[in-house]
Amino acid sequence: MLRDPSLSHSPYVSLMELLASSRLSGVVVSQALLLEDPAEEALGYDRLSEANFRRIASLISGKVGIKLPNAKRLMVEGRLRKRMRTLGHPSLTAYCRFLFDQNGLATELVHVIDAVTTNKTDFFREPEHFKVLENKLLPSLLARRPRGGRPRLKFWSAASSNGAEAYTIAMVMANLAEQTKAFDFAVLGTDISTRILAAADLAVYPAEMVVPVPPEFQERYLMRGRSPSHTRDVRMVPELRRRVQFRKLNLMDDRYSIDRDVDVIFLRNVLIYFEKATQEAVVRRLMGHLRPGGFIILGHSESMIGTNMSLRQWAPGVFQYDA
Numbered sequence: 001m002l003r004d005p006s007l008s009h010s011p012y013v014s015l016m017e018l019l020a021s022s023r024l025s026g027v028v029v030s031q032a033l034l035l036e037d038p039a040e041e042a043l044g045y046d047r048l049s050e051a052n053f054r055r056i057a058s059l060i061s062g063k064v065g066i067k068l069p070n071a072k073r074l075m076v077e078g079r080l081r082k083r084m085r086t087l088g089h090p091s092l093t094a095y096c097r098f099l100f101d102q103n104g105l106a107t108e109l110v111h112v113i114d115a116v117t118t119n120k121t122d123f124f125r126e127p128e129h130f131k132v133l134e135n136k137l138l139p140s141l142l143a144r145r146p147r148g149g150r151p152r153l154k155f156w157s158a159a160s161s162n163g164a165e166a167y168t169i170a171m172v173m174a175n176l177a178e179q180t181k182a183f184d185f186a187v188l189g190t191d192i193s194t195r196i197l198a199a200a201d202l203a204v205y206p207a208e209m210v211v212p213v214p215p216e217f218q219e220r221y222l223m224r225g226r227s228p229s230h231t232r233d234v235r236m237v238p239e240l241r242r243r244v245q246f247r248k249l250n251l252m253d254d255r256y257s258i259d260r261d262v263d264v265i266f267l268r269n270v271l272i273y274f275e276k277a278t279q280e281a282v283v284r285r286l287m288g289h290l291r292p293g294g295f296i297i298l299g300h301s302e303s304m305i306g307t308n309m310s311l312r313q314w315a316p317g318v319f320q321y322d323a
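First residue of the sequence shown: 1, per UniProt numbering; consecutive thereafter.
This is the structure:
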């Protein structure tokens with residue numbers, strides 16, 4: 001088991017001990033949408049009006065590029081109601097009046113974005129991408145580097161949410177780096193939500209969430225809490241956490257303060273929330289941060305085929321930048 005000596009007194013131990021003593025098997029838990037609690041009806045709160053929903057939808061589309069169709073109205077209502085309560089507003093109407101008519105967005109915008117953006121992610125989601133990364137992309141990347149050295153590969157999870165994707169990349173790369181001794185690596189995770197980035201940096205997850213992680217990776221890279229209040233939690237080992245950094249970034253910004261020699265960018269299952277023109281604009285900006293011959297990985301249902309970009313498809317959702 002890979003273990004830092006400083007962990008001997010840590011409140012976390014190998015997750016395998018937890019799995020050996022539990023009945024968790026084949027359970028995949030994904031983050032649920034926070035819809036309205038029926039009990040809230042009894043409290044007399046008003047509903048999010050159509051006009052206020054349109055104002056919220058227009059705000060989110062303009063600031064972060066995410067489309068909020070009318071089908072998302074209940075979801076938005078439920079999430080904003082939580083924020084409304086925190087600030088002590090008596091109703092959603094009063095909260096929206098504060099936002100749009102009383103200059104509340106000057107201080108509240110970041111909280112609205114945090115509340116409304118959906119942070120759904122899983123460990124080893126679309127696992128075929130990680131097989132392609134290991135068997136095809138990594139050999140191609142190393143072949144482009146000078147022989148005799150130990151290059152430092154850079155990976156970027158551009159919509160990292162709670163960090164599951166970034167830590168999945170780190171586990172896969174740490175395993176391959178140890179096996180081959182051929183490269184070093186670093187992983188960057190970015191997201192618009194400050195709340196979710198704080199959780200990602202902490203790297204603590206419910207045990208049920210990491211069930212998709214292969215058993216050998218659970219043994220080497222995960223610890224569980226010893227204290228009674230943390231026995232159902234797991235945490236990434238320090239060696240892995242040191243490889244991953246998180247930073248706030250809005251994909252709608254004109255420029256990104258990110259290195260321009262990234263080897264692989266992950267932006268999976270994000271473009272589907274954007275309009276077509278926004279999709280292409282975001283991908284073009286991302287390409288400006290790829291090393292020539294680097295790769296961008298989208299979701300299986302997302303594609304850049306038919307666009308006028310210097311991208312060559314290697315596998316479903318996997319494209320190489322031909323500079």
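Every residue gets a Cβ at the ideal spot worked out from N, C-alpha and C, and that includes glycine.
Treat the numbers as computed from the prediction; the structure is a model and nothing was measured.
Considering only their Cβ atoms, is the gap separating residue j from residue i smaller than 8 Å?
{"i": "residue 317", "j": "residue 288", "result": "no"}
{"i": "residue 292", "j": "residue 315", "result": "no"}
{"i": "residue 297", "j": "residue 274", "result": "no"}
{"i": "residue 270", "j": "residue 194", "result": "no"}
{"i": "residue 144", "j": "residue 182", "result": "no"}
{"i": "residue 65", "j": "residue 251", "result": "yes"}
{"i": "residue 175", "j": "residue 200", "result": "no"}
{"i": "residue 68", "j": "residue 57", "result": "yes"}
{"i": "residue 184", "j": "residue 152", "result": "yes"}
{"i": "residue 301", "j": "residue 272", "result": "yes"}
{"i": "residue 100", "j": "residue 54", "result": "no"}
Where do the ends of the alpha helix (DSSP H) carrying residue i lie?
{"i": "residue 59", "result": "50-64"}
{"i": "residue 78", "result": "73-87"}
{"i": "residue 130", "result": "128-132"}
{"i": "residue 182", "result": "It is not in any alpha helix (DSSP H) - residue 182 carries neither H nor E in the DSSP assignment."}
{"i": "residue 284", "result": "276-287"}
{"i": "residue 257", "result": "Here residue 257 belongs to no alpha helix (DSSP H), and DSSP marks it neither H nor E."}
{"i": "residue 140", "result": "138-143"}
{"i": "residue 124", "result": "Segment: none, residue 124 is in no alpha helix (DSSP H) and carries neither H nor E."}
{"i": "residue 107", "result": "105-116"}
{"i": "residue 101", "result": "92-101"}
Tell me, please, which residues DSSP counts as bridged to residue i.
{"i": "residue 189", "result": "157, 246"}
{"i": "residue 235", "result": "204, 223"}
{"i": "residue 270", "result": "Answer is none; residue 270 lacks a bridge partner."}
{"i": "residue 218", "result": "The partner list for residue 218 (beta bridge, DSSP) is empty, contrary to what the question assumes."}
{"i": "residue 265", "result": "156, 296"}
{"i": "residue 290", "result": "262"}
Using CA atoms only, rank isn't needed, just tell me which of the options is closest to residue i.
{"i": "residue 114", "options": "140, 80, 143", "result": "80"}
{"i": "residue 268", "options": "101, 243, 295, 198", "result": "295"}
{"i": "residue 60", "options": "220, 163, 192, 215", "result": "192"}
{"i": "residue 290", "options": "281, 240, 321, 312", "result": "321"}
{"i": "residue 116", "options": "311, 283, 281, 72", "result": "72"}
{"i": "residue 254", "options": "272, 220, 283", "result": "283"}
{"i": "residue 240", "options": "202, 129, 258, 226", "result": "202"}
{"i": "residue 207", "options": "225, 198, 197", "result": "225"}
{"i": "residue 197", "options": "82, 165, 140, 101", "result": "165"}
{"i": "residue 238", "options": "312, 134, 204", "result": "204"}
{"i": "residue 286", "options": "305, 306, 319", "result": "319"}
{"i": "residue 220", "options": "209, 258, 249, 178", "result": "178"}
{"i": "residue 83", "options": "112, 98, 106, 62", "result": "112"}
{"i": "residue 279", "options": "306, 180, 140", "result": "306"}
{"i": "residue 86", "options": "103, 108, 102, 70", "result": "108"}
{"i": "residue 63", "options": "258, 137, 209, 249", "result": "249"}
{"i": "residue 134", "options": "102, 180, 98", "result": "180"}
{"i": "residue 277", "options": "256, 258, 257, 308", "result": "308"}
Over what stretch of residues does the beta strand (DSSP E) that includes residue i continue unbroken?
{"i": "residue 223", "result": "222-225"}
{"i": "residue 320", "result": "318-321"}
{"i": "residue 311", "result": "311-315"}
- Three or more C-beta pairs below 8 Å linking the segment 258-272 and the segment 231-241: Touching, no.
- Task: Kindly confirm or deny that the segment 84-99 and the segment 43-58 touch, where touching means at least three C-beta pairs closer than 8 Å.
- Result: Yes, the segment 84-99 touches the segment 43-58.
- Inter-stretch contact (C-beta, 8 Å, three-pair minimum) for the segment 240-247 and the segment 170-177: The segment 240-247 is in contact with the segment 170-177.
- Between the segment 146-161 and the segment 180-194, are three or more C-beta pairs nearer than 8 Å? Flag = yes, the segment 146-161 and the segment 180-194 touch.
- Message: Check whether the segment 116-133 and the segment 207-222 touch, using three or more Cβ-Cβ pairs below 8 Å as the test.
- Response: Yes: at least three Cβ pairs fall under 8 Å.
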